[in-house]
Structures are given as structure tokens and as C-alpha cells.
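Below is one structure, written out as C-alpha cells; the observations come after it.
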Amino acid sequence: MDISKAKKVVELTRGDRKILITVYEGGQVSSCIEAEAKKYCETCQADDELCQQWIEHLKGKGYQATEI
């Protein structure tokens with residue numbers, strides 16, 4: 001992924017767990033999760049509304065969100 005094509009980047013943290021959500025032009029969304037010694041990423045197609053719902057869901061689970 002070319003980060004220069006990102007429309008929005010949000011970092012969510014809870015304890016030692018971090019989720020970095022990147023929304024790209026064209027509706028592609030990347031979600032990278034770091035927890036303890038593990039790190040993994042997933043990419044999917046979604047619109048802005050669905051991405052915002054996902055962020056709100058994570059905030060409801062206790063994550064603190066920071067838009068970068």
C-alpha cells in the first residue's frame with residue numbers, strides 16, 4: 001500500500017494493544033493489530049461509513065482513538 005494515497009489514519013490503543021486503521025482512496029481499508037509480540041494486518045474494501053462504524057465499535061470496547 002502507498003501511504004500517500006491514504007485519506008485517513010486512526011490509531012486506537014488499549015493497554016499494550018494497538019490497532020492502526022488506514023483508509024485509502026478507492027475504498028480500501030487496512031487494519032493492523034499489534035498485541036504483545038504479535039502483529040498482523042488485514043485489508044478489505046469498505047466505504048467511509050462502514051469504516052467509521054468499525055472505529056466506533058472499537059471505541060465502545062474501550063480503545064482510545066487518535067486520528068493521525
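Sequence positions in the sequence shown follow the UniProt record's numbering and run 1 to 68. Glycine included, every Cβ here is placed at the ideal spot set by N, Cα and C. From a predicted model like this one, the values you see are computed outputs, not experimental measurements.
Element boundaries [beta strand (DSSP E), containing residue i]
i     : result
Lys39 : Lys38 to Gln45
Ser4  : It is not in any beta strand (DSSP E) - Ser4 carries neither H nor E in the DSSP assignment.
Glu25 : No beta strand (DSSP E) holds Glu25; DSSP gives it neither H nor E.
Segment limits, alpha helix (DSSP H) that includes residue i
i     : result
Lys59 : Asp48 to Gly60
Neighbour flag for residue i against chain D, beta carbons, 9 Å
i     : result
Cys51 : Given the protein chain composition of this structure (a single chain), no chain D is represented.
Rounded straight-line distance, which links the Cα of residue j to that of residue i
i     : j     : result
Trp54 : Gly60 : 10 Å
Glu25 : Glu11 : 18 Å
Asp47 : Glu67 : 17 Å
Glu14 : Tyr63 : Reading off the sequence, residue 14 comes out as Arg, not Glu. Roughly 5 Å separates the two Cα atoms.
Cutoff 7 Å; reference residue i; Cβ partners in own chain excluding five residues on either side
i     : result
Glu36 : Asp16
Sequence-distant residues of its chain with Cβ nearer than 6 Å to residue i (five each side left out)
i     : result
Leu20 : Glu11 and Cys32
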